[in-house]
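Structure, as structure tokens:
4 protein chains.
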Amino acid sequence: MTYSVAVSGASGYAGGEILRLLAQHPDVEITTVTAHSNAGDPLIAHQPHLRSLRHLELKPTSPEVLSGHDIVFLALPHGQSGQYTDALTNVGLVVDAGADHRLTSKDAWDQFYGGEFHTPWTYGVPELLVDGKKQRENLVGATRIAAPGCNASTVSLSLVPGIAAGVIKADDIVTVLAVGPSGAGKSLKTHLLASEMLGSASAYGVGGTHRHIPEIQQALRGAGAVDPRVSFTPVLVPMARGILATTTARIADGVTDAEIRAAWESAYGDEVFVNLLPEGVQPRISDVVGANTALMSVAIDRAAGRVIITAAVDNLAKGTAGAAIQSMNIALGLNETTALTVNGVAP
Amino acid sequence: MTYSVAVSGASGYAGGEILRLLAQHPDVEITTVTAHSNAGDPLIAHQPHLRSLRHLELKPTSPEVLSGHDIVFLALPHGQSGQYTDALTNVGLVVDAGADHRLTSKDAWDQFYGGEFHTPWTYGVPELLVDGKKQRENLVGATRIAAPGCNASTVSLSLVPGIAAGVIKADDIVTVLAVGPSGAGKSLKTHLLASEMLGSASAYGVGGTHRHIPEIQQALRGAGAVDPRVSFTPVLVPMARGILATTTARIADGVTDAEIRAAWESAYGDEVFVNLLPEGVQPRISDVVGANTALMSVAIDRAAGRVIITAAVDNLAKGTAGAAIQSMNIALGLNETTALTVNGVAP
Amino acid sequence: MTYSVAVSGASGYAGGEILRLLAQHPDVEITTVTAHSNAGDPLIAHQPHLRSLRHLELKPTSPEVLSGHDIVFLALPHGQSGQYTDALTNVGLVVDAGADHRLTSKDAWDQFYGGEFHTPWTYGVPELLVDGKKQRENLVGATRIAAPGCNASTVSLSLVPGIAAGVIKADDIVTVLAVGPSGAGKSLKTHLLASEMLGSASAYGVGGTHRHIPEIQQALRGAGAVDPRVSFTPVLVPMARGILATTTARIADGVTDAEIRAAWESAYGDEVFVNLLPEGVQPRISDVVGANTALMSVAIDRAAGRVIITAAVDNLAKGTAGAAIQSMNIALGLNETTALTVNGVAP
Amino acid sequence: MTYSVAVSGASGYAGGEILRLLAQHPDVEITTVTAHSNAGDPLIAHQPHLRSLRHLELKPTSPEVLSGHDIVFLALPHGQSGQYTDALTNVGLVVDAGADHRLTSKDAWDQFYGGEFHTPWTYGVPELLVDGKKQRENLVGATRIAAPGCNASTVSLSLVPGIAAGVIKADDIVTVLAVGPSGAGKSLKTHLLASEMLGSASAYGVGGTHRHIPEIQQALRGAGAVDPRVSFTPVLVPMARGILATTTARIADGVTDAEIRAAWESAYGDEVFVNLLPEGVQPRISDVVGANTALMSVAIDRAAGRVIITAAVDNLAKGTAGAAIQSMNIALGLNETTALTVNGVAP
């Protein structure tokens, strides 16, 4: 069968990437695209790279417009998807690319987001180890899916194998991420101008305020961490897409180097989209651009007493839209890899 | 008086930046520029931006050519400056931009560099707190100066105020640096090609192998740290110049936020070239491009138990050539700021 | 049936892109990849983004290794493919991404390339109007195909509709192209270093020396031009991929604006991969990154007496590998669009 | 004496660059900085790279605030400086970085700008040949100066020597410029976002609509051209600063290559800031970043019948602020080069 799909927030970057991937999916038909202030425009006016979808027109984002599709993707600013949840009762599968349904802790929501708290949905990171099994299993048959935060899933995938295997400690994690501006969306802000970013770099959300911190902590708890502490600093750098996360954690007492590497090897050895690179090989952003791939390298620094996990992810693809569609495939019982590529567009 | 100056390694990036700054220095005359394989070429063939020096020709780098100048700058690959040291007895001031004379520990040299160990020279970071005073004092009248490693001085300047004041611990430092490729020099290596770096990012020297680690540890010991441990990861990002270092250290027990900030305020409050930004303001690379300025922001993350110091430095300017010339100014009793600017070239 | 394929020059950029596209082609099996100095290495060591092909090892490029495949792609430096031509008699289809078999004029070859002249093969630009029909028709059943020069095909596709329709003159064409460095290949040259290119731009091959000029003139003659004159200047800019060509030609006497636009509309109105944008809409490189799409805009400047055609093409995709595979599809009677996308990876 | 200076539009890019240069000018004191919507903020909030001016606060832009200074720089959007002109009667020197006082032809103003036409002021391009002499001569003692459009002065300086010497024709000029986004100012527009520009390029103002066209034509008439025709296309590329202009003109009948080169050599042989490069050497943007230098190369393509002049200029420096301050120096009888550098910041 062919599923009818509606994508809201279709004029933004996340919505655009969802559409780019769906456009090559043989089992779906993109029936409806919606936007807020851009409603009424042709989609191609805002997504000029989506040539194959130039027949589509942006409708207003409303429960009425979204209702009745087999699948709805919500790619809306945080705090906005909640209002559609109740209204979309007749939609078989809803995938939210926003944060509204990610957190299980109302306290964490209140502290980092605020506003109304919404029921947590099934978290859309299939390769994540949760309570001893892959999250993939929880996604089978899911009808409401919360796609992950791009930074959060990158860091969680980096850490969880080591936490679950008990080879690293979760009490003093430090992660610094070189990130491209597309993660901030198509927002008209001075610091996101090309003139400001070309040849420059700067950190933001420094000092424990970034909203992806509780999402990482939630994933670490799912791997058995009791009181995970995470220092998290994103650094904006001049590449349109990508997250290069350098994540370090203290080595657990008495473990060998072989045991450390084995944790990641066993977690991801059979995965198509999350790959551990050979020792000494570092992932590059260009290896994953446009792909649903997370590449990872694990280094052990005994002098510093830390494991360093470097991970490269395309924030819009595997970080957001790819995770959403991979989760959709699993939920619907389709081939998990349909419409997703493992090869990046490089150079 | 006017000092005669020779610059070796003049066809490379560090040598080029030394020349760019010296070209606007009223007290020196650039008499000689030298190179290895490029000897015989006009300087302008390799440094086409140095229009005011287009009359100069590259001579071979040899003790004979360098001898007899008032000042010699060595901008040579690591391990090469040592051979000139003994021969330059008749040179009043030698400033080495390479690593050969930076480390005081032969063990550290053997572990991270190897080859012959050389006498340590006066370290060229004037604003660094060393044994309770600024390194500036040690530079007065110095005749042999070791300019710092760009990453090392950026991280050391970030940490030393907090270590010296006892508000942060040195036992578990983590630093991740977004760095531009010019720090790697004009080397013909595939991973430094524009095609490889544009739109991409990747880490290197991961896992405790980077040569700037012992240099940082040496600075931390100078601030009173007993057994400093440093996890250090540089990430190459697509900007020609710049280091955006995110450095975190554990908060010492019982200190207040005010005490923490006061450490950096008192260390740098009177400095021209090293500035602490107001709380919440983050430094950008473009603010320091071409300038001798290090900009720093201190954030306190009580949940993670860490102080996060972000610092922006132009690796070629304040990181290398600016530090070299600032140190020269001090050594010679000139105005410390001559030929150096505090304002970056932005956007 | 499944065709067995060998790709030579597989460690370079053009070879890598051919492999990236072939990896998603259902009708081919990539059996063999070859290289020169990198023979013996795993492919993934040189193409770390081609995750799905990490089982392949680079064999030496030799007639023996390439023989016996159904299809061979040659992605070799100019002047090197000729030596394989005679030896590959038992290969059904050979597609040369180099220049050796593009030019029909030995004089042009001698002037711009030199060395041995080789028989011209069927030119691999399906949408090009040649002698009143699309080149597509000539490609059906072809066994030897010369993929185009990326700049040449971009400019030729820009001009040919207007020349063929008689609405622009070919006697004084001026084209200036903003191009990314990947077109120059993975060559270790100083001017291609990231440090040199980030934040910079410069022209090369200025003054009528660029090797794509005779290829453009050949295409213009195919559209009826008698003595085409082309001023051609490429400008290297800091984007990994892409050609943004601004091509201008003098307006023919007495033609109306409607007649001018109609020339391009009728030439490309039915094409999947070459699209004329609506008046006033300009193509962007990011719209075509990774795609087999050429986007074009036609503007008319009556005050200057010129038509300006701007075109965006991914030099590695539609400019080289995409054209090669599209031509292969046609030659073999497969669906022309298999393994090729129309949507770019943006932002 | 020290001149008191006010800079309006001080929170924008042009205003920022004027301030960066003035900050190193020994003969001026920056007393007042003004802005429109940002009035009341500290200057450093909008120009964080201008560390030496962090004591200044933005005042509202009004005749009252600007009056009474020795020198006023207007860096306002086009069409806004006119309103201040009459009110600033007691200001010795006014330099307008906007377009309001550049054009001598009311018809051209009406066609390309519209709105009220203002008296033309002395044009601020000292090296431009106008009516057989350098514009420098007209600037001596000037009290009202119109700084040039950055693209316009780059193209005019490229062409005028050849036009004035009669070695090229002005009837069919084609110029295509690779330009950075800072020329568009700190405007919050989607196409100027980093996400949109990184890895991309696109043309704008195509087809004879760009406002710098009449300014170029005016300069060409000053060199003796009767009815200059100019096809002008700017292409936005991902570098923060810079204009790399490729300008071509038809070779005049019967002139030799030596005569052609001699035109530019004699025009610029004695100039400090406008340099002709040796044959075959191409200018790079990085050679002129932050500098008041225009670098130029002249190539002759006899097959195409055209001279190609490539020129590199920093749009904010020599293109705007540098030209403004150089003109100020001349007008006031100061050393023409004060506060201006010839060396770019590279790499």
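Chains as they are written, first to last, in full-length UniProt numbering: chain D, 1 to 347; chain L, 1 to 347; chain S, 1 to 347; chain G, 1 to 347.
Cβ coordinates follow ideal geometry from the N, Cα and C atoms, glycine included.
This one's a predicted model, so the numbers in the text were calculated from it and none came from an experiment.
Cβ-Cβ separation, residue j to residue i (assumed contact under 8 Å), whole Å
i	j	result
Ser-200(G)	Ser-187(S)	Between Ser-187(S) and Ser-200(G) the Cβ distance is about 24 Å, and since that is not below 8 Å, they are no contact.
Gln-217(D)	Pro-228(D)	5 Å
Lys-102(S)	Ala-75(S)	According to the sequence displayed, residue 102(S) carries Arg and not Lys. That pair is no contact at about 14 Å.
Asp-301(S)	Gly-208(G)	4 Å
Thr-154(S)	Ala-245(S)	5 Å
Asn-335(S)	His-49(D)	Between His-49(D) and Asn-335(S) the Cβ distance is about 22 Å, and since that is not below 8 Å, they are no contact.
Arg-221(S)	Gly-180(S)	About 29 Å; that fails the 8 Å criterion.
Leu-295(L)	Ala-267(L)	The pair is not a contact, with the Cβ atoms about 14 Å apart (cut-off 8 Å).
Ala-299(D)	Val-237(L)	So it is not a contact: roughly 19 Å between Cβ atoms.
Separation of residue j from residue i, as counted between CA atoms
i	j	result
Ala-164(S)	Glu-127(S)	13 Å
Ala-249(S)	Val-174(G)	10 Å
Lys-169(G)	Val-167(S)	24 Å
Ile-30(G)	Ala-6(G)	6 Å
Leu-93(L)	Gly-9(L)	17 Å
Ser-195(S)	Ala-194(G)	20 Å
Thr-143(D)	Ala-97(D)	14 Å
Phe-112(S)	Arg-211(S)	5 Å
Glu-271(G)	Ala-323(G)	14 Å
Thr-256(D)	Val-307(D)	12 Å
Asn-138(D)	Met-328(D)	12 Å
Gly-68(L)	Leu-19(S)	59 Å
Gly-224(S)	Asp-171(S)	12 Å
Ser-231(L)	Ser-202(S)	40 Å
Asn-38(S)	Arg-54(S)	15 Å
Ala-291(G)	Thr-320(G)	11 Å
Buried/exposed call for residue i, threshold 16 Cβ in 10 Å
i	result
Arg-284(L)	buried
Pro-214(D)	buried
Lys-106(L)	exposed
Gly-280(D)	exposed
Ser-81(D)	buried
Pro-26(G)	exposed
Val-33(L)	buried
Pro-278(D)	exposed
Lys-318(D)	buried
Asp-110(S)	exposed
Val-100(D)	First, the amino acid is wrong: residue 100(D) is Asp here, not Val. So Asp-100(D) counts as buried.
Asp-41(L)	exposed
Bridge partners - residue i, DSSP secondary structure assignment
i	result
Glu-57(G)	Pro-42(G)
Thr-34(D)	Lys-59(D)
Asn-275(L)	Leu-295(L)
Arg-306(G)	Arg-250(G), Asp-301(G)
Glu-265(G)	According to DSSP, which records beta bridges pairwise, Glu-265(G) is partnered with nothing at all.
Quiz prompt | Proximal residues, the stretch 276 to 293 of chain S versus chain D, C-beta separation under 7 Å | solution = Arg-284, Ser-286, Asp-287, Val-289, Gly-290, Thr-293
Practice problem: Give, in chain order, every residue of the stretch 194 to 226 of chain G whose Cβ lies closer than 9 Å to some Cβ of chain D. | Solution: Ala-194, Ser-195, Glu-196, Met-197, Leu-198, Gly-199, Ser-200
Quiz item: Can you list, in chain order, the residues of the stretch 241 to 252 of chain S whose Cβ is nearer than 8 Å to any Cβ on chain G?
Solution: Arg-241, Gly-242, Leu-244, Thr-246, Thr-248, Arg-250
Quiz item: Looking at chain D, which residues of the stretch 308 to 322 of chain L have a Cβ within less than 8 Å of any of its Cβ atoms?
Solution: Ile-308, Thr-310, Ala-312
Quiz item: According to a CB-to-CB cut-off of less than 8 Å, which residues of the UniProt domain "Semialdehyde dehydrogenase NAD-binding" (4 to 136) of chain S neighbour chain L?
Solution: Tyr-13
Practice problem: Could you run through the stretch 329 to 344 of chain L and flag, in chain order, every residue whose CB is less than 9 Å away from some CB of chain G? | Solution: Thr-341, Val-342, Asn-343, Gly-344
Quiz prompt | Contact set between the stretch 165 to 183 of chain L and chain S, restricted to residues whose Cβ is under 7 Å from the partner | solution = Pro-181, Ser-182
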